[in-house]
Amino acid sequence: MDSADLGKDLTEVLIDEASIDAKIRELAAAVDADYADKDLLLVGVLKGALMVMADFSRALTSPVEMDWMAVSSYGAGTKSSGVVRILKDLDRDITGRHVLVVEDILDSGLTLSWLLRNLRSRGPASVEVLTFMRKPDALKVQVEPRYVGFDIPNEFVVGYGLDYAEKYRNLRVVGTLAPHVYS
Ligand code: PRP
19 MDSADLGKDL TEVLIDEASI DAKIRELAAA VDADYADKDL LLVGVLKGAL MVMADFSRAL
79 TSPVEMDWMA VSSYGAGTKS SGVVRILKDL DRDITGRHVL VVEDILDSGL TLSWLLRNLR
139 SRGPASVEVL TFMRKPDALK VQVEPRYVGF DIPNEFVVGY GLDYAEKYRN LRVVGTLAPH
199 VYS
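Using this note's numbering, read the sequence shown as starting at 19 and increasing by one per residue.
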């Protein structure tokens, strides 16, 4: 879905398609280099990471494995509560594996912080995080992703996997939603 199709729904495009493409290639090159001699397992966090995972994994040069988790924060709305429940767990044992968690956005950090504790308790060889976007001003807990695509302002953004009421995930760009869409 092109941003042009949105009419007045977006107030601003924060990250356009060309910038997404370039950043994905840059991240993939870094991961390729860092894991050159390792067997890598990518863990995508549904549903937001879908687009990042699809593009990033295809930009890698090695045949990685992929798995998915779905988690849900208690307390609806646009902010996480930090209390997380697993809706779909990994299909495999990660003991001794090199795991790279792939996220679309690091907001308060509560989801990832919980997820990292959970994954590390399973005895992996390593767990690192790649997040396509991060909101430094929204961070409530210390989470240090090894790979960060873009630092963005603390605004509600949609597109490239991120939704508002489950819509706009299929937007090719990342942008801010116009206030009239909420009301
Ligand atoms: C988003 C995003 C992260 C989390 C980040 O997922 O994909 O997993 O929120 O927020 P936090 O840093 O404040 O914890 P969301 O719960 O909206 O689910 P979705 O990916 O299915 O849209």
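Glycine included, every Cβ here is placed at the ideal spot set by N, Cα and C.
Nothing here was measured: the structure is a model prediction, and the numbers come from that model.
Could you give the residue range of the alpha helix (DSSP H) that holds residue i?
i, result
"residue 44", "35–52"
"residue 169", "Counting along the chain, residue 169 falls outside any alpha helix (DSSP H), though it belongs to the beta strand (DSSP E) covering 165–169."
"residue 68", "68–77"
"residue 199", "197–200"
Taking the alpha-carbon of residue i as reference, which of the options has the nearest alpha-carbon?
i, options, result
"residue 49", "82, 112, 65 and 26", "82"
"residue 106", "86, 115 and 123", "86"
"residue 110", "124, 59 and 133", "59"
"residue 68", "197, 127, 119 and 133", "119"
"residue 38", "122, 173 and 126", "122"
"residue 104", "117, 115, 88 and 116", "88"
"residue 78", "52, 159, 155 and 192", "52"
Using beta-carbon positions only, say whether residue i and residue j come within less than 9 Å of one another.
i, j, result
"residue 63", "residue 129", "yes"
"residue 178", "residue 189", "yes"
"residue 61", "residue 150", "no"
"residue 27", "residue 195", "yes"
"residue 73", "residue 42", "yes"
Can you tell me where the beta strand (DSSP E) with residue i in it begins and where it stops?
i, result
"residue 88", "83–91"
"residue 108", "From DSSP, residue 108 is part of no beta strand (DSSP E); its letter is neither H nor E."
"residue 101", "Element bounds for residue 101: n/a, residue is neither H nor E."
"residue 61", "58–64"
Taking 8 Å as the cut-off, is the C-beta of residue i nearer than that to any heavy atom in the ligand PLP?
i, result
"residue 79", "Judged by which ligands are present, the ligand PLP is missing from the structure shown, whose ligands are the ligand PRP."
Which ranges would you report for the alpha helix (DSSP H) in the stretch 111–158 if only whole runs of at least 4 residues count?
Within the stretch 111–158, the runs of alpha helix (DSSP H) at least 4 residues long that lie entirely inside it are, in chain order, 128–138.
Between the stretch 156–164 and the stretch 35–46, do at least 3 Cβ pairs fall closer than 8 Å?
With the rule of 3 Cβ pairs closer than 8 Å, the stretch 156–164 does not count as touching the stretch 35–46.
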